[in-house]
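What follows is a short report on a single structure.
2 protein chains.
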Amino acid sequence: MPTTVTAYAAPSAAAPLVKTTIERRDVGAHDVLIDIKYAGVCHSDIHTVRGEWGPREFPLAPGHEIVGIVAEVGPEVTKYKVGDRVGVGCMVNSCGECANCKAGEEQYCAKGMTETYGSVDRDGSITQGGYSTQVVVIEDFVLAIPDGLELDVAAPLLCAGITTYSPLHHWGAGPGKKVAIVGLGGLGHMAVKIAHALGAEVTVLSQTLSKKDAGIALGADHFYATSDPETFAALAGQFDLILNTVSAVIDINAYLSLLALDGALVSVGAPAEPLAVNAFSLIGGRRTFAGSLIGGIRETQEMLNFCAEHKLGSEIELISADQINEAYERVLKSDVRYRFVIDGATIA
Amino acid sequence: MPTTVTAYAAPSAAAPLVKTTIERRDVGAHDVLIDIKYAGVCHSDIHTVRGEWGPREFPLAPGHEIVGIVAEVGPEVTKYKVGDRVGVGCMVNSCGECANCKAGEEQYCAKGMTETYGSVDRDGSITQGGYSTQVVVIEDFVLAIPDGLELDVAAPLLCAGITTYSPLHHWGAGPGKKVAIVGLGGLGHMAVKIAHALGAEVTVLSQTLSKKDAGIALGADHFYATSDPETFAALAGQFDLILNTVSAVIDINAYLSLLALDGALVSVGAPAEPLAVNAFSLIGGRRTFAGSLIGGIRETQEMLNFCAEHKLGSEIELISADQINEAYERVLKSDVRYRFVIDGATIA
Numbered sequence: 013m014p015t016t017v018t019a020y021a022a023p024s025a026a027a028p029l030v031k032t033t034i035e036r037r038d039v040g041a042h043d044v045l046i047d048i049k050y051a052g053v054c055h056s057d058i059h060t061v062r063g064e065w066g067p068r069e070f071p072l073a074p075g076h077e078i079v080g081i082v083a084e085v086g087p088e089v090t091k092y093k094v095g096d097r098v099g100v101g102c103m104v105n106s107c108g109e110c111a112n113c114k115a116g117e118e119q120y121c122a123k124g125m126t127e128t129y130g131s132v133d134r135d136g137s138i139t140q141g142g143y144s145t146q147v148v149v150i151e152d153f154v155l156a157i158p159d160g161l162e163l164d165v166a167a168p169l170l171c172a173g174i175t176t177y178s179p180l181h182h183w184g185a186g187p188g189k190k191v192a193i194v195g196l197g198g199l200g201h202m203a204v205k206i207a208h209a210l211g212a213e214v215t216v217l218s219q220t221l222s223k224k225d226a227g228i229a230l231g232a233d234h235f236y237a238t239s240d241p242e243t244f245a246a247l248a249g250q251f252d253l254i255l256n257t258v259s260a261v262i263d264i265n266a267y268l269s270l271l272a273l274d275g276a277l278v279s280v281g282a283p284a285e286p287l288a289v290n291a292f293s294l295i296g297g298r299r300t301f302a303g304s305l306i307g308g309i310r311e312t313q314e315m316l317n318f319c320a321e322h323k324l325g326s327e328i329e330l331i332s333a334d335q336i337n338e339a340y341e342r343v344l345k346s347d348v349r350y351r352f353v354i355d356g357a358t359i360a
Numbered sequence: 013m014p015t016t017v018t019a020y021a022a023p024s025a026a027a028p029l030v031k032t033t034i035e036r037r038d039v040g041a042h043d044v045l046i047d048i049k050y051a052g053v054c055h056s057d058i059h060t061v062r063g064e065w066g067p068r069e070f071p072l073a074p075g076h077e078i079v080g081i082v083a084e085v086g087p088e089v090t091k092y093k094v095g096d097r098v099g100v101g102c103m104v105n106s107c108g109e110c111a112n113c114k115a116g117e118e119q120y121c122a123k124g125m126t127e128t129y130g131s132v133d134r135d136g137s138i139t140q141g142g143y144s145t146q147v148v149v150i151e152d153f154v155l156a157i158p159d160g161l162e163l164d165v166a167a168p169l170l171c172a173g174i175t176t177y178s179p180l181h182h183w184g185a186g187p188g189k190k191v192a193i194v195g196l197g198g199l200g201h202m203a204v205k206i207a208h209a210l211g212a213e214v215t216v217l218s219q220t221l222s223k224k225d226a227g228i229a230l231g232a233d234h235f236y237a238t239s240d241p242e243t244f245a246a247l248a249g250q251f252d253l254i255l256n257t258v259s260a261v262i263d264i265n266a267y268l269s270l271l272a273l274d275g276a277l278v279s280v281g282a283p284a285e286p287l288a289v290n291a292f293s294l295i296g297g298r299r300t301f302a303g304s305l306i307g308g309i310r311e312t313q314e315m316l317n318f319c320a321e322h323k324l325g326s327e328i329e330l331i332s333a334d335q336i337n338e339a340y341e342r343v344l345k346s347d348v349r350y351r352f353v354i355d356g357a358t359i360a
């Protein structure tokens, strides 16, 4: 018998979120039932529930930055016990058998990962996200939140943290490396914190200088306005790695010109329109334009441990669940520093 | 006193090449005078002398796939002596002081390499290429042609060889790797030979199957027609590396979809128009779109040694110098298997 739990969900792509109920499956042998304490609000939640990334079944409760406390475990569960502090990110399952899954890169599962909400689960049901009181997830897709990380500021790490940590780590951000972060929103602010903690020299490229003091406080060494054409002349050929966290269309060739020899520009944001890449921008300097999608479960745990060790939480604005539609409007206006997090106690 | 030598040069961007004379500087302390035996005909020669890659000074003698015999050396020259078999590729100088030059990647010189023809040399003169009887080049930009490589089939290695060897080597083509070569022209046919010799599993992606037998004979394991949409379905997610040797605009997202996790599509050809890259094509699979420009001098020598060891020359069609304009028309129609090479004896 599935359990009925309270959630905030969109009844349709055109409608605001409302308080409602959704079903959670019974706790299976390998499942963990989590009492949700906090759920981060990601820009992609908005794209998804509004049908901007393709049609979805409704009602749909979004939320893939979930932290909470284990309330029950199935008989075969070995990694977690009741009372453990845990998290769930953007995926709750994958085939487990393809080369990518076996390599621990479940986010690139050849059959497609099962996303935390809006995906077809193995039993045919549609997954429902973290804007709810409880969630049931197989233990292999549950992360441990280490001591030293408060639950509320840990929530955004499950998406914004891993989405930036993974490419920074993969492309070698560290001592002696010059790293630029494009955009200082939910993703960008975590990218600055993590790149700084990894030991890189960090430059923020933001539209204006309005967030300069905040960026420096987060750990940036330099801060430039991309609305100033001088910026692109001054920084030409400088960076080993540019992490683009902006989903809007940018002048990609201008940003590529900022890369040093063998430098890489890695996008974790994706505009709906294609980017017009001049092949000469890549050929001159053997430059790379690449993309990166969240991170695997093993790497997500590594990121959480790294953030605990370096005391890196997200900067958050805590909201009650009934403020979610207002929060969405503010996210769309970039009016948040830097992540809204729903207080799970206000969902019930 | 400069020396006057015979050359085939374009009097203007609109004119065919004509037999004429050009000046070569006196042999300086570090210079090598080379009697040119063969000069390969590269598609970029045509773009350049026709002003398609920007305005140039005329008359201009193209040619950057040069092989010959050392006729004279300056007093400080230590690497070469009269009678040595040598080659000159796409560049004849660089600043020597920037980080890229010091790293042996002179092609990415921060101040711009001095190209073999059409560049402003240190003395203010305009460099003139290999469609001539002799050339004077500083020894640091002269390559040794190893025994076991015939001079005529070695000529195209100085551009087509290094342009394909460098990215294949840099991106790890070798045993256990699946490599696709897009296009089977002057660059593509060398890419197939080199990738095969490096031990990779090689697939040719050509517009039609018309060159299939030839491609297999060159060392390809598989051959697919890109005009057949089934090709893209059949090969989805297969390749670790795709080397694009085609300068025309391609459906870049379709080719990116053929890459495995962490795969790279590297362009050495550059269309004038930008390529419309969908960021999702990169994010799904952490894929890379990159570019590569010839190779450094050290790596060019390494490539020549590799080709000598593996008996890899270019497939060539030897022409006399007075056939050059006809050859250009045939290059533009892709009617050459696979590289025209001018017999230096016919230039004088």
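Residue numbers (our numbering), protein chains in the order written: chain A, 13 to 360; chain B, 13 to 360. The C-beta atom is built at its ideal place from N, Cα and C for all residues, glycine as well.
For the putative contact between residue i and residue j, defined by C-beta atoms under 8 Å, what is the C-beta separation to the nearest angstrom?
i, j, result
"F301(B)", "V289(A)", "7 Å"
"G142(B)", "E84(B)", "So it is not a contact: roughly 17 Å between Cβ atoms."
"A22(B)", "L72(B)", "5 Å"
"C54(A)", "G173(A)", "11 Å between Cβ atoms; not a contact."
"D164(A)", "V30(A)", "D164(A) to V30(A), Cβ: 24 Å. No contact."
"L45(A)", "V154(A)", "Not really, about 10 Å apart at Cβ, beyond 8 Å."
I'd like to check one pair, residue j with residue i: are the Cβ atoms closer than 7 Å?
i, j, result
"A260(B)", "P283(B)", "yes"
"L161(A)", "G99(A)", "no"
"I150(B)", "D38(B)", "no"
"S332(A)", "T358(A)", "yes"
"L255(A)", "Q119(A)", "no"
"T257(A)", "L199(A)", "yes"
"P67(B)", "E35(B)", "no"
"T145(A)", "T18(A)", "yes"
"A203(B)", "T243(B)", "no"
"L268(B)", "R299(B)", "yes"
"G186(B)", "A212(B)", "yes"
"A232(B)", "V214(B)", "yes"
"Y92(A)", "V82(A)", "yes"
"I138(A)", "E69(A)", "yes"
"T312(B)", "G184(B)", "no"
"A207(B)", "V79(B)", "no"
"K190(B)", "Q250(B)", "yes"
"T32(A)", "T16(A)", "no"
"Y236(B)", "L217(B)", "yes"
Are there 16 or more other CB atoms within 10 angstroms of the CB of residue i, so buried, or fewer, so exposed?
i, result
"V94(A)", "exposed"
"K205(B)", "buried"
"L344(B)", "exposed"
"N337(A)", "exposed"
"P179(B)", "buried"
"E321(B)", "exposed"
"T238(A)", "buried"
"D159(A)", "exposed"
"K49(B)", "buried"
"D347(A)", "exposed"
"V132(A)", "exposed"
"G303(B)", "buried"
"R97(A)", "buried"
"A51(A)", "buried"
"P87(A)", "exposed"
"A291(B)", "buried"
"G130(A)", "buried"
"G297(A)", "buried"
Grab me the residues of residue i's own chain with a C-beta within less than 7 Å of its C-beta, minus the 5 sequence neighbours each way, in chain order.
i, result
"R342(A)", "V348"
"G197(A)", "T257, S346, Y350"
"E5(B)", "For chain B, the structure presents residues 13 to 360; residue 5(B) sits outside this window and is missing."
"R134(B)", "N105"
"D57(A)", "P74, G75"
Taking 8 Å as the limit between beta carbons, can you name the residues of its chain near residue i, skipping five residues before and five after?
i, result
"A122(A)", "C107, C110, A111, N112, C113"
In its own chain, which residues sit with a C-beta less than 6 Å from the C-beta of residue i, not counting the 5 before and 5 after it?
i, result
"P168(B)", "G52, E77, S326, R351"
"N265(A)", "N290, S293"
"A356(B)", "Checking the displayed sequence, the identity of residue 356(B) turns out to be Gly instead of Ala. Taken in chain order, the residues that qualify are I48, K49, Y50."
Count the CB pairs spanning the segment 264-277 of chain B and the segment 110-126 of chain A that are closer than 8 Å, and state whether there are at least three. Per the Cβ contact rule, the segment 264-277 of chain B is in contact with the segment 110-126 of chain A (3 or more Cβ pairs under 8 Å).
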